[in-house]
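If you read the sequences in order, they're chains U and A. The numbering used here puts the first sequence at residues 1 to 884. The numbering used here puts the second sequence at residues 1001 to 1178.
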Amino acid sequence: MAQYVKKDDDRDEEEYSPFLGIEKGAVLQEARVFNDPQLDSRRCSQVITKLLYLLNQGETFTKVEATEVFFSVTKLFQSKDIGLRRMVYLIIKELSPSSDEVIIVTSSLMKDMNSKTDVYRANAIRVLCRITDGTLLTQIERYLKQAIVDKNPVVASAALVSGIHLLQTNPEIVKRWSNEVQEAVQSRAALVQFHALALLHQIRQNDRLAVSKLVTSLTRGTVRSPLAQCLLIRYTSQVIRESSMNNQSGDRPFYDYLEGCLRHKAEMVIFEAARAITELNGVTSRELTPAITVLQLFLSSSKPVLRFAAVRTLNKVAMTHPMAVTSCNIDMESLISDQNRSIATLAITTLLKTGNESGVDRLMKQITNFMSDIADEFKIVVVDAIRSLCLKFPLKYRSLMNFLSNILREEGGFEYKKAIVDSIVILIRDIPDAKESGLLHLCEFIEDCEFTYLSTQILHFLGVEGPKTSDPSKYIRYIYNRVILENATVRASAVSTLAKFGAVVDSLKPRIFVLLRRCLYDNDDEVRDRATLYLNTLGGDGSVVETDKDVKDFLFGSLDIPLANLEASLKNYEPTEEPFDISSVPKEVKSQPLAEKKTAGKKPTALGAPPAGPTSTVDAYEKLLSSIPEFSSFGKLFKSSTPVELTEAETEYAVNVVKHIFDKHVVFQYNCTNTIPEQLLENVVVVVDASEAEEFAEVATMPLKSLPYDTPGQTFVAFEKPEGVPAVGRFSNVLKFLVKEVDPSTGEAEEDGVEDEYQLEDSEIVAADYMLKVGVSNFRNAWESLGPDFERIDEYGLGPRESLSEAVNAVINLLGMQPCEGTEVVAANSRSHSCLLSGVYMGNVKVLVRLSFGVDSSKEVAMKLAVRSEEESVSDAIHEIVAN
Amino acid sequence: MESCPSVKNILLLDSEGNRVAVKYYSDDWPTNSAKEAFEKSVFTKTQKTNARTEAEIAMFENNIVIYKFAQDLHFFVTGGDDENELIISTVLQGFFDAVGLLLRGNVDKKEALENLDLILLCLDEIVDGGIILETDANVIAGKVASHSVDSGAPLSEQTISQALATAREHLTRSLLNV
């Protein structure tokens, strides 16, 4: 073997490397040997290896250096040494010469392409195709077409693979080769078949019929290479996916082929087929079973890669078909102790998804052992899985909450701790029973919490939730301890939390005032300021009086002005005699729909942003509406819908509507955005035609004075409706406004405008608008406690449906109620399903619904609806909704 | 998943995470520092695992990385996260075994650096621009060795099958030596 560098004399050198002390300048000097009239091929090879080594280590050559090396390398084509020639090919590819340089080597490479030596031919094709451009390609096209059907598989593969790359840059040329490629698909050489199939599919991928034909013929024939077989499986699932639209019933085409591949001798093919089956649209349990069976076998393989592949696929299946995976649970449990932590984590999260209520405790015990020896990033995955498990089985909150509090006490980084705290907060929010124990766990955590951010967030949360508990006084000790022991940031937030307790719980006031007075001597400004403010506003002068609502709102109410607007107004404020007037800040919410979309798309962020949570958007709406005098007499807002788009995306004017439901009124809030920079809209109103909504009568319209470019604004229309009646109807909307041209350079609008209007889509008030989604933690208890007095049961035929789950979702959406205990998920292929719903109906009446569905062979769905509520009329109303 | 299986990179690192030879086929890591950061994170996270008898697997930044160690050499092959793990694993095994053949069983960093030309040619024969060229170690080693072994002999007369035979002979020899 070649020795590049003289053996280093210093034998003591810790690590010997032939490239020790290598230096770019010196190697470039050495490259001059390429120009010698008498070529020393071995020496040249060594120098090229050194150059490649430098490039590989991340060294870069300047343009001049690269050009120089390239030109001298081209001289080496004179040598007949095959080894050297291979190195020349490599370095040319690495140098990626520019198109004017390519010309120099083109003829040499073309000569090699037609040489008698196959190694030359294959490599010359790959190099030439890598560095070529379109014009050159037409010159060599003839040779490439020949090469594709060459009897030497290496040459054919080289041409085919080059074809795959060239298809990206010169598709029209490569598409002309399809006859040759088709011939190559029939090749006896395994890899040629693989490469030919890949290229042929890419050439035809936009021609559905051709792909379908290709799949049909090949699935019947013999495909030799496992890789080609994997490709064929992928193409087959593509064909299945595209044909499923027009094939409602009967057996899936090609399913038999996929199933047959499960018995292939190559594991890669078996796995590809199993995965393809699990990813089929609307796969049935019967179709899934054979795939799950082979994946289960892989779970106990000695090869980590196989176990990983299997458990990862099963994990995905568990999201949609948890029941299908339960058969693997025993194998999965043994994987919890797998050496490979990725496999163990996937196994655990799968088990958490498929486990039933009774298995939770046992599973938690196993996980506890496992948690101590995995990395934080895996722990976060597990914590997330446990949170969703707890929401699924609220009755099990005790053991799950205990688990979370235990791991909260153990060592861990910020992200991990934050994930746990977030989970506990979400559980406290969603499971009322878990509130007290959860809050205490959080209190204990802040006793010994090294993260300021988490401490302040928890203190804030305590201030919100703590005063509402049965015994608020027990939290005071934990909070005041923070004032004594922590840094200024945490102290300040502890002071605010104390004040919140004082404001809400009158019996605690005297003690809170004592504590707050001590804070007046704190050595931090902010802490002292806060304490002073609270003492003065809450009446800390000794008299224990009920705190005014105004004071509470001032101190703890959320700011009803968008912070961005406030910031803008403060920036514009010039220091004068006149004080800054906060009421002059515009309340119009800028780009609110955008923010809402974001929060809707995200999971509840828990601690991070409580004011942005779903409940507080209602608060924000309520504030907004009550600030408009015309609507202030409407009473309490019952429900605000999510925004419904009334325009297509990317139109001139974007409008969405939020429906606000009051007892006797309905208010449509139209959020409008003007997307044309050259226009200013004025006097924007939505003219609503309520002729298809007989019970509604328009009472007020609030036009929007001006709608400049890209600044969202709102206009409102209010309707009166009979009190307590869930009136429904359809409304057609037209946006009317005055358009003024705006000079884009100055931003000034012209004096005169033109009246114009813009047709919007219709909006609707439906029965679900009168229902609030409110979950219950224990459906059975809630159901029993409502009692059978106002129970109404009836049966309905829903007619033929696409699937059972589609029917279940349709009913849930119709009623607009909150599904409980994960019953909205229908197990695949089941013939019947029960679903539990809860909600609060107009007039604050609690409603619970039990739905039993059954489906027969002709997809006719029947449903039994049992309703319990606090009022008879409401139970009847629910039935009426369904009956209509 | 209608696309052709593809490899994002192949890495051969030493026992301290330094490059012996690497080859990237994807634009996911546009700069050398991005590449080095990826190598460092992959190396540190896999370092303590035992990937000597069977190839191991891990996920990084939405990629699958399959790896195997021999002496002071760490072999890695990366694919996208929806790639068939077993295909990536076959590529790794092909690379691993081919290097074993080419280095005649002496798979360590010193030997690999001394025969870096063979390693680079080997990479070149396994994957071309992300597309798998060949996964059979004997064929890969055969293609590489055909013009490097015995460069004194009139090579133009040596055919692929002869080269293959040489490679096989090496394999047997290395097996016997173990």
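Where a beta carbon is used, it is the ideal one built from N, C-alpha and C, also for glycine. Remember, it's a predicted structure, so these values are computed and weren't measured experimentally.
1) Leaving aside the five residues before and after residue 190 (chain U) along the sequence, list all residues of the same chain whose C-beta is less than 6 Å from its C-beta, in chain order.
2) Quick check: the segment 274 to 289 of chain U against the segment 1025 to 1032 of chain A, are at least 3 beta-carbon pairs closer than 8 Å?
3) How about the segment 151 to 163 of chain U and the segment 104 to 121 of chain U: do they share at least three Cβ pairs that are nearer than 8 Å?
4) Counting only runs that start and end within the segment 466 to 541 of chain U, where is the alpha helix (DSSP H) found for 4 or more residues in a row?
5) Can you tell which of U:420, U:354 and U:674 has its C-alpha closest to the C-alpha of residue 650 (chain U)?
6) What does a CB cutoff of less than 7 Å around residue 97 (chain U) pick up in its chain, not counting 5 residues either side in sequence?
7) Hey, is residue 863 (chain U)'s beta-carbon within less than 9 Å of any beta-carbon in chain A?
8) Any heavy atom of the ligand FAD closer than 8 Å to the Cβ of residue 260 (chain U)?
9) Any beta carbon of chain A sitting closer than 9 Å to that of residue 264 (chain U)?
10) So, do the segment 1001 to 1020 of chain A and the segment 1131 to 1142 of chain A have three or more beta carbon pairs nearer to each other than 8 Å?
11) Under the three-state reduction of DSSP, which class applies to residue 879 (chain U): helix, strand or coil?
12) Decide if the segment 685 to 696 of chain U is in contact with the segment 729 to 748 of chain U; the criterion is three or more beta carbon pairs, one per stretch, under 8 Å apart.
13) How about residue 333 (chain U) and residue 318 (chain U): are their beta carbons less than 9 Å apart?
14) When the Cα of residue 1013 (chain A) is compared with those of A:1053, A:1083 and A:1119, which residue comes out closest?
15) Whose C-beta lies closer than 8 Å to the C-beta of residue 901 (chain U) among residues of the same chain, with five residues either side of it excluded?
16) Assuming contact is defined by CB atoms lying nearer than 9 Å, are residue 1074 (chain A) and residue 1033 (chain A) in contact in what I supplied?
17) Looking only at C-alpha atoms, which of U:114, U:504, U:95 and U:72 sits nearest to residue 44 (chain U)?
18) Going by DSSP, what residues sit across from residue 850 (chain U) in a beta bridge?
19) Looking at residue 520 (chain U) and residue 532 (chain U), is the spacing between their C-beta atoms short of 9 Å?
20) Under 9 Å between C-beta atoms, does residue 231 (chain U) make it to chain A?
21) Residues of chain U with CB under 7 Å from residue 1134 (chain A), in chain order?
22) Following the continuous beta strand (DSSP E) through residue 756 (chain U), name the residue where it begins and the one where it ends.
23) Below 8 Å, how does it come out for the segment 1105 to 1119 of chain A and the segment 282 to 298 of chain U: are there three or more Cβ pairs, yes or no?
24) List, in order along the chain, the chain U residues whose C-beta lies closer than 8 Å to that of residue 1046 (chain A)?
25) Which residue marks the beginning of the alpha helix (DSSP H) containing residue 704 (chain U), and which one marks its end?
26) DSSP three-state call for residue 856 (chain U): helix, strand or coil?
27) Just confirm the distance between the C-beta atoms of residue 815 (chain U) and residue 768 (chain U), as a whole number of angstroms; I'd bet it's less than 8 Å.
28) Would you be able to state if there are at least three C-beta pairs under 8 Å between the segment 1081 to 1095 of chain A and the segment 1039 to 1052 of chain A?
29) Give the single residue among U:395, U:315 and U:135 whose Cα lies nearest to the Cα of residue 822 (chain U).
30) I'd like to know whether the C-beta of residue 70 (chain U) is nearer than 9 Å to at least one C-beta of chain A.
31) Look at the alpha carbon of residue 22 (chain U) and the alpha carbon of residue 380 (chain U), and state the distance between them as a whole number of angstroms.
32) Give a yes or no on whether the C-beta atoms belonging to residue 362 (chain U) and residue 335 (chain U) are separated by under 9 Å.
33) Expressed to the nearest angstrom, what Euclidean distance is found between the alpha-carbon atoms of residue 198 (chain U) and residue 1030 (chain A)?
34) Give me the Cβ distance between residue 143 (chain U) and residue 114 (chain U), rounded to the nearest whole Å; I'm assuming they're in contact under 8 Å.
35) If we ignore side chains and look at the alpha-carbon of each, how far apart do residue 324 (chain U) and residue 133 (chain U) end up?
36) Please list the terminal residues of the continuous beta strand (DSSP E) segment that includes residue 800 (chain U).
On the basis of the coordinates in this document:
1) For residue 190 (chain U), where only same-chain residues beyond five positions count, the Cβ hits under 6 Å are 224 and 225.
2) Between the segment 1025 to 1032 of chain A and the segment 274 to 289 of chain U, the count of Cβ pairs shorter than 8 Å is below three; the stretches do not touch.
3) Under the 8 Å Cβ criterion, the segment 151 to 163 of chain U counts as touching the segment 104 to 121 of chain U, having at least three qualifying pairs.
4) Within the segment 466 to 541 of chain U, the complete alpha helix (DSSP H) runs of at least 4 residues are 473 to 485, 488 to 504, 509 to 519 and 525 to 538.
5) Closest option to residue 650 (chain U), Cα to Cα, is U:674.
6) Apart from sequence neighbours up to five positions away, the residues of its chain that approach residue 97 (chain U) with a beta-carbon distance below 7 Å are 70 and 131, ordered along the chain.
7) Cβ-Cβ to chain A under 9 Å: no for residue 863 (chain U).
8) Only the bare structure without any ligand can be found here, which leaves the ligand FAD out of the picture.
9) The beta carbon of residue 264 (chain U) sits no closer than 9 Å to any beta carbon of chain A.
10) Judged by Cβ distances under 8 Å, the segment 1001 to 1020 of chain A makes contact with the segment 1131 to 1142 of chain A, as three or more pairs qualify.
11) Residue state, collapsed to three classes: helix.
12) Taking a cut-off of 8 Å on C-beta distances, the segment 685 to 696 of chain U touches the segment 729 to 748 of chain U, as three or more cross pairs fall below it.
13) No, the pair does not count as a contact, with Cβ atoms beyond the cut-off.
14) Closest option to residue 1013 (chain A), Cα to Cα, is A:1119.
15) For chain U, the structure presents residues 1 to 884; residue 901 (chain U) sits outside this window and is missing.
16) The Cβ-Cβ distance between residue 1074 (chain A) and residue 1033 (chain A) does not fall below 9 Å.
17) If you compare the alpha carbons of U:114, U:504, U:95 and U:72 with that of residue 44 (chain U), the shortest gap goes to U:72.
18) Answer by DSSP bridge pairing, in chain order: U:836 and U:866.
19) Going by C-beta atoms, residue 532 (chain U) is nearer than 9 Å to residue 520 (chain U).
20) Chain A places a beta carbon closer than 9 Å to that of residue 231 (chain U), counting this residue as a contact.
21) Residues of chain U passing the Cβ test: 191.
22) That run of the beta strand (DSSP E) goes 754 to 759.
23) The segment 282 to 298 of chain U and the segment 1105 to 1119 of chain A do not touch, with fewer than three beta-carbon pairs separated by less than 8 Å.
24) Close to residue 1046 (chain A), with beta-carbon spacing below 8 Å, lies no residue of chain U; the smallest spacing is near 10 Å.
25) Looking at the DSSP string, residue 704 (chain U) is not in any alpha helix (DSSP H); the run it does join, the beta strand (DSSP E), is 704 to 707.
26) If DSSP states are grouped into helix, strand and coil, residue 856 (chain U) belongs with coil.
27) The Cβ separation is near 6 Å, so the contact holds.
28) Result no; under three Cβ-Cβ pairs closer than 8 Å.
29) Selected option, being the one with the closest Cα: U:395.
30) Not an interface residue.
31) Rounded to the nearest whole angstrom, the CA to CA distance from residue 22 (chain U) to residue 380 (chain U) is 45 Å.
32) Cβ atoms of residue 362 (chain U) and residue 335 (chain U): not closer than 9 Å.
33) Residue 198 (chain U) and residue 1030 (chain A): Cα-Cα distance of roughly 26 Å.
34) That pair is a contact at about 7 Å.
35) Each residue's alpha carbon lies about 53 Å from the other.
36) Segment 792 to 800, the beta strand (DSSP E) holding residue 800 (chain U).
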